[in-house]
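Peer 1:
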Amino acid sequence: MGDKEDKDSAVGFKVGNRYVVSKYIAGGSFGKLYKGQNIKTKEWVAIKLEPKDVPEPQLTLEFMFYKKLKATESQGTSTSGSGPSTTSAPSSAAPSGAASAAKTTSGSGPLRGVPRVHYFGPCGKYNALVMDLLGPSLTGLQKTCGGKFSLKTTLYIAIQLMDIFEYFHGRGLIYRDTKPDNFLFGPSGAALYNQLYIIDMGLSKDYVDESGRHIKMVTGKGVTGTVRYMSRNNHAGIEQSRRDDMEAVGYMLVYLARGELPWQGVKADTLRAKYKKIGEIKRSTTPEQLCGDLPPEFARFIRTVTALGFEDTPKYRDYSQMFNKVLSKKGLKDDKIYDFDRNHQMRPNK
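The sequence shown: position 138 = 138 (the UniProt record's numbering), numbered continuously.
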């Protein structure tokens with residue numbers, strides 16, 4: 001079967017008797033991503049399909065985490081027929097002192113930065129996850145803006161990320177896969193088109209046990225995540241916690257603002273050697289060197305989060321306020337206009 005035939009093999013499939021697969025978007029380790037439509041309401045959705053026979057099903061795990069984030073319709077309306085009973089989420093609670101999940105869209109609903117899941121269940125030889133169809137990723141938008149964002153846009157993104165991770169960690173989860181590809185804005189024309197969303201929970205993990213106790217720090221772990229943004233402790237094989245998510249956010253913000261990081265382009269004979277070299281560069285580069293001519297608050301953020309203890313709760317609100325103050329300090333008009341707002345034609349729904 002040709003590549004195009006393989007991509008289009010699921011087009012026309014009905015999912016849960018409510019959705020139809022209409023167009024291939026992308027493929028990845030999870031399987032394939034398609035654009036789909038609600039048969040009754042005509043609402044466009046995103047549909048992830050993963051073969052049922054994969055050795056380590058990622059989609060089921062991802063659905064579990066969306067349930068913990070209160071992003072599934074079963075938390076508000078309905079997800080009738082939402083697949084295998086094994087998908088019920090663990091009931092662990094955030095540890096004492098963890099950030100509360102207070103920022104919600106309405107009542108006990110999910111944070112606006114978490115897309116809704118409409119359905120999870122079987123679709124022929126696949127398992128299917130039906131979600132909100134979002135707009136472009138930070139990666140795509142960065143390319144349309146000359147390879148980097150302005151200071152104002154980077155600050156707006158930073159402030160949204162603090163809210164997202166406060167909520168995410170407040171649900172007892174760590175993300176472990178921070179990268180521009182995994183943060184999308186709302187679709188063009190939507191009321192919340194400038195709302196940032198976090199996606200792809202396949203590498204997420206509970207950082208608390210069922211009694212609400214923080215997991216123990218262990219060493220000798222393999223690396224998890226994207227090497228460009230992963231924390232120094234991740235490189236060293238140390239169990240990840242909330243601090244590692246925040247360090248990765250710091251590296252991503254620098255990349256978005258400057259268009260590069262000093263450890264890009266590192267070459268080595270083996271992948272292990274490459275990861276080791278990158279980790280060494282991260283450890284030898286001070287936050288001030290890394291951030292260059294960015295406002296000192298960026299280096300302060302990285303220095304602060306890398307100094308956190310394994311079980312420490314990041315001070316999300318403090319970080320958000322710090323970034324917000326840079327706007328006025330630099331005389332930037334707080335009009336919530338991003339760089340790409342001037343490029344609406346570059347933000348079509350896929």
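Each residue gets a CB set at the ideal place from its N, CA and C atoms; glycine is no exception.
Within 10 angstroms of the Cβ of E43, are there 16 or more other Cβ atoms? Answer buried if so, exposed if not.
Peer 2: In the sequence shown, residue 43 corresponds to position 43, counting from 1. Counting Cβ neighbours within 10 Å, E43 comes out exposed, since fewer than 16 surround it.
Peer 1: Where do the ends of the beta strand (DSSP E) carrying D245 lie?
Peer 2: Numbered from its first residue, the sequence shown carries residue 245 at position 245. Not the beta strand (DSSP E): D245 falls in the alpha helix (DSSP H), residues 242-258.
Peer 1: Quick check on this structure: which residue in G27, A26, G12 has the alpha carbon closest to the alpha carbon of V20?
Peer 2: Taking the sequence shown and counting its residues from 1, one reaches residue 20 at position 20. Of G27, A26, G12, the residue nearest in Cα terms is G12.
Peer 1: Can you find the residues in the same chain that come closer than 6 Å, C-beta to C-beta, to L261, ignoring five residues on each side of it along the sequence?
Peer 2: On the sequence shown, position 261 is the one that residue 261 refers to. Closer than 6 Å at Cβ, skipping near neighbours: Y255.
Peer 1: If I measure Cβ to Cβ from C145 and keep anything under 8 Å in the same chain, skipping five residues before and after, which residues do I get?
Peer 2: Counting from one through the sequence shown, the residue named residue 145 turns up at place 145. These residues qualify, in order along the chain: T153, D339, F340, N343.
Peer 1: Should S211 go down as buried or exposed, given a rule of 16 or more other Cβ atoms within 10 Å for buried?
Peer 2: Taking the first residue of the sequence shown as position 1, residue 211 is located at position 211. Exposed is the call here.
Peer 1: Identify which residue in A71, A46, L59 has its Cα closest to the Cα of G135.
Peer 2: Counted from its first residue, the sequence shown places residue 135 at position 135. Checked all of A71, A46, L59; the closest Cα to G135 is A46.
Peer 1: Exposed or buried, what is P55 when buried is set at 16 or more other beta-carbons lying within 10 Å of its beta-carbon?
Peer 2: In the sequence shown, residue 55 corresponds to position 55, counting from 1. The residue in question, P55, is exposed, as its Cβ has fewer than 16 Cβ neighbours within 10 Å.
Peer 1: In three-state DSSP terms, what is T285?
Peer 2: As a first step, residue 285 is located in the sequence shown; it is residue number 285 there, counting from the start. The answer is coil: DSSP assigns T285 none of H, G, I, E or B.
Peer 1: Any idea if K40 is buried or exposed, counting beta-carbon neighbours within 10 angstroms, 16 or more meaning buried?
Peer 2: Taking the sequence shown and counting its residues from 1, one reaches residue 40 at position 40. Exposed.
Peer 1: So D181 packs on T139, CB below 8 Å; how close in whole Å?
Peer 2: Position 181 of the sequence shown, counted from the start, is the residue given in the question as residue 181. Position 139 of the sequence shown, counted from the start, is the residue given in the question as residue 139. Correct: roughly 5 Å between the Cβ atoms.
Peer 1: Measure the CB-CB distance between Y207 and S241 and report whether it falls below 7 Å.
Peer 2: Here the question's residue 207 lines up with position 207 in the sequence shown. Here the question's residue 241 lines up with position 241 in the sequence shown. Contact: yes.
Peer 1: On the premise that R112 lies in contact with M131, defined as a C-beta separation below 8 Å, what is that separation, rounded to the nearest angstrom?
Peer 2: Here residue 131 corresponds to residue number 131 of the sequence shown, with the count starting at 1. Here residue 112 corresponds to residue number 112 of the sequence shown, with the count starting at 1. With 8 Å as the limit, M131 and R112 do not qualify as a contact, their Cβ atoms being about 14 Å apart.
Peer 1: Among R317, K282, E311, which one has its Cα closest to the Cα of R303?
Peer 2: For the purposes of this step, residue 303 is taken as residue 303 along the sequence shown, with counting starting at 1. Taking only the C-alpha atoms, the option nearest R303 is K282.
Peer 1: So L203 and F183 are supposed to be a Cβ contact under 8 Å. How far apart are they, rounded?
Peer 2: To locate residue 203, count along the sequence shown from 1; it is residue 203. To locate residue 183, count along the sequence shown from 1; it is residue 183. Not quite, the Cβ-Cβ distance comes to about 14 Å (not below 8 Å), so this is no contact.
Peer 1: Look at V305 and M252 and say whether their C-beta atoms are less than 7 Å apart.
Peer 2: Residue 305 sits at position 305 when you count from the first residue of the sequence shown. Residue 252 sits at position 252 when you count from the first residue of the sequence shown. Contact flag unset, no.
Peer 1: So for Y319, helix, strand or coil by DSSP?
Peer 2: The residue labelled residue 319 in the question sits at position 319 within the sequence shown. Helix, per DSSP.
Peer 1: Among I215, R300, G237, which one has its Cα closest to the Cα of D312?
Peer 2: Translated into the one-based positions of the sequence shown, residue 312 becomes position 312. It is I215.
Peer 1: Buried or exposed: which applies to S284, given that a residue is buried once 16 or more other Cβ atoms fall within 10 Å of its Cβ?
Peer 2: Residue mapping note: residue 284 aligns to position 284 of the sequence shown, counting from 1. S284 counts as exposed, since fewer than 16 other beta carbons sit within 10 angstroms of its beta carbon.
Peer 1: Quick check on the burial criterion: 16 or more other C-beta atoms within 10 angstroms. Buried or exposed for D293?
Peer 2: Residue 293 sits at position 293 when you count from the first residue of the sequence shown. Under this definition D293 is an exposed residue.
Peer 1: With C-beta atoms as the reference, is N324 less than 7 Å away from I159?
Peer 2: Here residue 324 refers to the residue found at position 324 when the sequence shown is read from its first residue. Here residue 159 refers to the residue found at position 159 when the sequence shown is read from its first residue. Going by beta carbons, N324 and I159 fall inside the 7 Å limit.
Peer 1: Please identify the residue among S137, Y193, D200, L141 whose C-alpha is closest to the C-alpha of F168.
Peer 2: Counting from one through the sequence shown, the residue named residue 168 turns up at place 168. The candidate whose alpha carbon is nearest that of F168 is D200.
Peer 1: Grouping DSSP H, G and I as helix and E and B as strand, with all else coil, what is D119?
Peer 2: Start at 1 with the first residue of the sequence shown, and residue 119 comes out as number 119. Here residue 119 turns out to be Tyr, not Asp, going by the sequence shown. Here Y119 sits in strand by DSSP.
Peer 1: Residues in the same chain with beta-carbon distance under 8 Å from F65, minus the five sequence neighbours each way, listed in chain order, please.
Peer 2: For the purposes of this step, residue 65 is taken as the residue at position 65 of the sequence shown. For F65, where only same-chain residues beyond five positions count, the Cβ hits under 8 Å are A89, L173, M201, S204.
Peer 1: What alpha helix (DSSP H) runs, 4 residues minimum, are completely inside the region 114-177?
Peer 2: 138-144, 151-170
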